Structures are given as C-alpha cells and as structure tokens.
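Asks: Residue numbers (the numbering used here), protein chains in the order written: chain A, 102 to 384; chain B, 36 to 327. Every residue, glycine too, gets a C-beta built ideally from N, C-alpha and C. None of these values were measured; they are calculated from a predicted model.
Below, the structure written as structure tokens:
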C-alpha cells in the first residue's frame, strides 16, 4: 500500500511521526480513528479515463483544508467525490473507500440526499435560484419539510448572518437574488448551504468568478466559518491557500503529491514537484 | 464586386420571405373585405347578442355567434386542462428523467402523433371514444364537448411536449446542481426549481397548443355533435366557430348576409389565434433569467 512517490505521505506521518509533528492528531487507535473525511486508495474514472490515482487522505474536524494544483489535476473531481456530485455524470466509476464521519458513502444503501445535507457545497460560479433572497436561503429547510414561517425566518436570518450578508440584504429579502452583485450572490450561496446545517462545506474555487474585494470578504468569511465547520476548498490561487487554510493538499495529474499543514507545505515541501509548483516553476 | 447571380439569389430569397407577409396580409384582407358588409349591415351587436344562430330563419334571421364562441371556449379550455398537465409531465420526463435511449425512442413517437390526420382522430373519436363516453356518463350520445376536448388535447400534445421540453432543457444546469447539492431529491429539483425556472416557456407552449386547438375543425366537426345551443356542461353537444363555418359554407348563398356572417366568425377566430400566438411569442422571447 505504501508507495514511494510520497502520495500517501499522510499515512506515513500519521502512523509514525504524528506524535512529534502534530500532537493534536495523536490517536492510539489509528484504524478506527475518527475523521471527518477519510479517503483510502481512491481511484476515480470518467469512462475509461482515470482522473484520480490512489488518493489517501484524512481530514480532521473543523479548520480549512485547501486543495491546490494546476488545472485538470483532479482537485475538483476529488471534491465532488465527497458529496457524490459525480454521480450526475454518466459513466463515472470509483474504487477505494471514502468515509465521512466514519461511514463509507459509496455503499449501495448510502442515502445520497442525506449525505448532501451533511456535506454542503458552494460552486465556482455563484448559482442562486431565480427566486427571492429569502426563498433561496429557505430552499433547503423547505424541501426538508419545514413550513413554519417564524422558524424559517430565523434560519434565514442566522444563515445570512453566518455568511456575512445579513446587513446588506435584511431590508430586501423579497427581492430577486439575481439582482445582487456577484460577490453577494456567492455569499448568498454560502448562506443557502449553511441553512441546511451541514457539518462539512465543500467549496469549488468559490472566488474565481468574483472581484478582489469580494474575494477578500469571502476569505474572511471562510476563516470565520471554519470555527464551526470543516471546510475543504479547491483553489487555483496558491496565495489564497496560504492565507486561509490550515492544511493543504497538492494534486498533480490525479495524484495527491503531498498533504500536510499549510505552513510546512509552503515553507518546507517534501516533494520536489510541490516545491516546483509553489515556487511558480509550472502551473 | 458582387456578381449578378449573388444579387439574383438575394432577390429570390427576399421575395420568399416577403411572400409569407403577403400571404398573411392577403388572408386578413379577404377576411376583412368579406366580413365588412355584414358588420356594416348589422353592426357588431347582433353577433354577440344573447340570441341564436339561425341565419336561414324566414323573416327574422339571427346571427349570434355566442353559442359557437362558448363551444370553441369549452373545447379549447377542456383540451388544455387535459393536455397541459400531461404534456408538461411528459416534457419533464423527456428532458430530465429519460435515459438517452428512452429519449430516442419517445421523441419520434411524439412527432408521429403530430402527424396523425385530424380526420383519422375524428374517426377514432366517433367510433371508439363516443360510445365509451356515452356508456360512462349514461348519455344518449357521446358526441359532446368532452369528446372534442380530449381529441383536440391529443392534437395539441405534440406542440406542448416539444416546446415545454425545449424550455425545461434551457434551464441552466447550475440550478439543478445547486438544488441537488442542498440535498434536494430529483423530484424536488424538477418540481421546485426546473419547472418554475422554465415557467415562461411552458406557458408559451400551452398557448401555442391553445392556438392549435382553437382553429381545429375536422375533428370537432366529427365528434362534438354540432348542436348550436348554449352548452350547460362538457357533456352537452356543442358547435365550435370553426365547425360552424365548415358546416354552413358549402350551401350558403354567395354574398348574402349569412355568407358575410361566416366571415365574421372567421375573422374572430383569426384574431383570437393571432393574439394567442403573439402572446406566446412574447413569453418565449423572455428567456429564463440567466446569471451571466
């Protein structure tokens, strides 16, 4: 199982060195160690094309994990594995084990709808529904069967506050969401995801389609949210990963080359390819 | 330099395009010129008076189109009540649920349905549907507005299915993904996101289906019984404006008041269809608001 190219480094560190390196991750019972997300030997295929090769990684509760790497390296595919959004693409196939909160999510009796309520997602392009601001945020709770207007209003307010959007929209909750600016729309999408009360939030390049000032607001927001949620964010922007994440994974051509604390990845990468990428030699 | 063939081709194609406008203008002109004498002679009132359609009556003929307007409305609205839910559901199935194989199988069938001659459908209504309706509702005759509504609904289905499917397919996939990622089921996504987002296109499909239904003649002529009385319910016999024209036009005296009155009915049908299609067109132009 251990390979030489370092892509399963996390296993090595957790087995042998975690006591010294990351005492907070020390757990005597490593096999059954509780992880928010635990991926083992994941191979993923689009038809006959393999997109992910033997990815193994553990993500612990809370904090921000960033996935970096050049375009087409598999980081978005990996993200969509975690809430099974890849199911929507015909002809995909997966090998290996993906567990969330200790449960394998790729077994036949997995409740995908329930999984997606626990694992929220924010997309690359802001995609609010063509409905009012209120109805956008209330959508998740409503399809869950919640009808009580007062409870809904409370959830909408909490979620919008959680996404740092409340002050800007509290007086116009009934206006169409598509009238908001791009950055506001993206925060609305975050609020919409929060309203379902997920535990994990997946973000697929959430700032790549919005301007720098709006980007900064989202980054601040991510830092705040990671006190309550486990956030896994795909980003094209290495500086962003360095600014906002606690852990970083570097993907290259479908392999996870290196995974570790953000400071160690950026200051002391173990793999030459990681170093080449973060110093801008390619990518 | 533009060659002479290039110029000739241009003129030919422009003429073909213009021909459409000329045909339409010609039709409108014929309708107006033939209905005007009637409108001038009688005024607008008698055509909409609470009266009878009895142009052949000795001494005091009456020309009220009202009962035929009721007939047309009943058949058309009945057809929509029947065809819109089925058509939209079928469109949602084709656009959202069907596998590529199923889609390849069903779409040609919808097209075949569109090609069934109306006289064949009318025959089916006469021989199969009418006895069934008569037995089910314990009537003397199954030749009713209900019968006509179902058959005209079947005729409007291909229009509704094809256009509603286009409208549903045009909804950006980002909306669906957002809904599914929030833990929405496929059913919730279709019902609460996709269909509402496609609403203007779906309404347009229903209106174009309606345009098809209003003017339909042969089928309704064969299956609605053609009685020019004020209908009390869908189980009454009715005569529609289109069937009324078709029945009388064969033996009407040329240029008589009766003749002109039939053209008034034709003008009315033309105007209703024109307005419905125009409205549908406006709705189709109003694309779903895409966030780009």
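#1: Taking the C-alpha atoms as reference points, what is the distance between residue 28(B) and residue 235(B)?
#2: Report yes or no: do the segment 198-217 of chain B and the segment 215-228 of chain A share at least 3 C-beta pairs separated by less than 8 angstroms?
#3: Name the chain A residues whose beta carbon is nearer than 8 angstroms to that of residue 220(B)?
#4: Is residue 208(A) helix, strand or coil by DSSP?
#5: Use the C-beta contact count for residue 251(A): other C-beta atoms within 10 angstroms, 16 or more gives buried, fewer gives exposed.
#6: Per DSSP, residue 144(A) is paired with what?
#7: What I want to know is whether the C-beta of residue 200(B) ends up closer than 7 angstroms to one or more non-hydrogen atoms of the ligand HEM.
#8: Considering only the beta carbon of each residue, do residue 297(A) and residue 261(A) sit closer than 8 angstroms?
#9: I need the DSSP call for residue 300(B), collapsed to helix, strand or coil.
#10: With DSSP collapsed to three states, give me the class of residue 163(B).
#11: Using 10 angstroms around the beta-carbon of residue 188(B), count the other beta-carbons present and answer buried if the total reaches 16, otherwise exposed.
#12: Three-state secondary structure (DSSP) at residue 205(B)?
#13: So, residue 154(A) versus residue 168(A), is the Cβ gap smaller than 8 angstroms?
#14: Starting from residue 159(A), follow the beta strand (DSSP E) in both directions and report where the run begins and ends.
#15: Whole angstroms are fine: how far does the CA of residue 130(B) sit from the CA of residue 196(B)?
#16: Pull the bridge partners of residue 223(A) from the DSSP assignment, please.
#17: Against chain E, with Cβ distances strictly below 8 angstroms, would residue 128(B) count as a contact?
#18: Measure how close the beta-carbons of residue 216(B) and residue 217(A) come, nearest whole angstrom, since I'm counting them as under 8 angstroms.
#19: Could you list which residues in chain B have their beta carbon closer than 8 angstroms to that of residue 224(A), in chain order?
#20: Between which two residues does the beta strand (DSSP E) holding residue 357(A) run?
#21: Could you name the residues of the same chain whose beta carbon sits closer than 6 angstroms to that of residue 305(A), not counting the 5 residues immediately before and after it, in chain order?
#22: Out of 347(A), 209(A), 353(A) and 339(A), state which residue places its alpha-carbon closest to the alpha-carbon of residue 380(A).
#23: Residue 255(B) to residue 161(B), Cα distance in whole Å?
#24: Using a threshold of 8 angstroms, state whether the C-beta atoms of residue 85(B) and residue 101(B) are closer than that.
#25: Would you please verify whether the beta carbon of residue 298(A) is less than 8 angstroms from any beta carbon of chain B?
#26: Let me see if you follow: with CB-CB separation under 8 angstroms, is residue 228(B) close to chain A or not?
#27: Is any beta-carbon of chain B found at less than 8 angstroms from that of residue 275(A)?
#28: Using only CA atoms, which one of 352(A), 376(A), 235(A) and 365(A) lies nearest to residue 337(A)?
#29: Let me check one thing: in DSSP terms, what residues is residue 352(A) bridge-paired to?
#30: Have a look at residue 164(A) and residue 121(B) and give me their C-alpha separation to the nearest angstrom.
Replies: Put simply:
#1: No answer is possible for residue 28(B): the residues shown for chain B start at 36 and end at 327.
#2: yes
#3: In the second chain, counting from the first residue as 1, residue 220(B) sits at position 185. Simply 214 and 244.
#4: Locating residue 208(A) in the first chain gives position 107, counting from the first residue. Coil, per DSSP.
#5: Translated into positions along the first chain, residue 251(A) becomes position 150. Answer is exposed; the Cβ neighbour count stays below 16.
#6: As a working mapping, residue 144(A) is identified with position 43 in the first chain. Answer is 196(A), bridged to residue 144(A).
#7: Although the ligand HEM was asked about, the structure shown includes no ligands whatsoever.
#8: Taking the first residue of the first chain as position 1, residue 297(A) is located at position 196. Taking the first residue of the first chain as position 1, residue 261(A) is located at position 160. Cβ distance not < 8 angstroms, so residue 297(A) and residue 261(A) don't count as in contact.
#9: For the purposes of this step, residue 300(B) is taken as the residue at position 265 of the second chain. Residue 300(B) falls in the helix class under three-state DSSP.
#10: Along the second chain, one-based indexing puts residue 163(B) at 128. The answer is helix: DSSP assigns residue 163(B) an H, G or I state.
#11: Position 153 of the second chain, counted from the first residue, corresponds to residue 188(B). So residue 188(B) counts as buried.
#12: Taking the first residue of the second chain as position 1, residue 205(B) is located at position 170. Note: residue 205(B) maps to coil in three-state DSSP.
#13: In the first chain, counting from the first residue as 1, residue 154(A) sits at position 53. In the first chain, counting from the first residue as 1, residue 168(A) sits at position 67. Against a cut-off of 8 angstroms, the Cβ pair of residue 168(A) and residue 154(A) comes out as no contact.
#14: Looking up residue 159(A) in the first chain gives position 58. Segment 150-160, the beta strand (DSSP E) holding residue 159(A).
#15: Position 161 of the second chain holds residue 196(B). Position 95 of the second chain holds residue 130(B). Spanning the two alpha carbons is a distance of roughly 10 angstroms.
#16: The residue you call residue 223(A) lines up with position 122 of the first chain. Residue 223(A) pairs with 304(A).
#17: Among the protein chains of the structure shown, namely A and B, there is no chain E.
#18: Numbered from its first residue, the second chain carries residue 216(B) at position 181. Numbered from its first residue, the first chain carries residue 217(A) at position 116. Confirmed, Cβ separation roughly 6 angstroms.
#19: As a position in the first chain, residue 224(A) is number 123, starting the count at 1. Near residue 224(A) (Cβ distances below 8 angstroms), the residues of chain B are 209, 212, 213 and 216.
#20: Numbered from its first residue, the first chain carries residue 357(A) at position 256. Taken as a continuous stretch (DSSP letters only), the beta strand (DSSP E) holding residue 357(A) covers 356-362.
#21: Along the first chain, one-based indexing puts residue 305(A) at 204. Same-chain partners within the cutoff: 177, 180, 224, 225 and 335.
#22: For the purposes of this step, residue 380(A) is identified with residue 279 of the first chain, where counting begins at 1. Ranking 347(A), 209(A), 353(A) and 339(A) by Cα distance to residue 380(A) puts 339(A) first.
#23: As a first step, residue 255(B) must be located in the second chain, where it is residue number 220. As a first step, residue 161(B) must be located in the second chain, where it is residue number 126. Going by the C-alpha atoms only, they are around 10 angstroms apart.
#24: The count along the second chain starts at 1 and reaches residue 85(B) at position 50. The count along the second chain starts at 1 and reaches residue 101(B) at position 66. Yes. Within cutoff.
#25: What you label residue 298(A) is simply residue 197 of the first chain in a count that begins at 1. It does not: the Cβ of residue 298(A) has no partner Cβ on chain B nearer than 8 angstroms.
#26: Counted from its first residue, the second chain places residue 228(B) at position 193. Chain A contact via Cβ: present.
#27: Here the question's residue 275(A) lines up with position 174 in the first chain. No, residue 275(A) does not count as interfacial toward chain B.
#28: The residue labelled residue 337(A) in the question sits at position 236 within the first chain. When only C-alpha atoms are compared, the closest one is 352(A).
#29: As a working note, residue 352(A) is residue 251 in the first chain. The partner list for residue 352(A) (beta bridge, DSSP) reads 357(A).
#30: For the purposes of this step, residue 164(A) is identified with residue 63 of the first chain, where counting begins at 1. For the purposes of this step, residue 121(B) is identified with residue 86 of the second chain, where counting begins at 1. When rounded, the distance between both Cα atoms is 50 angstroms.
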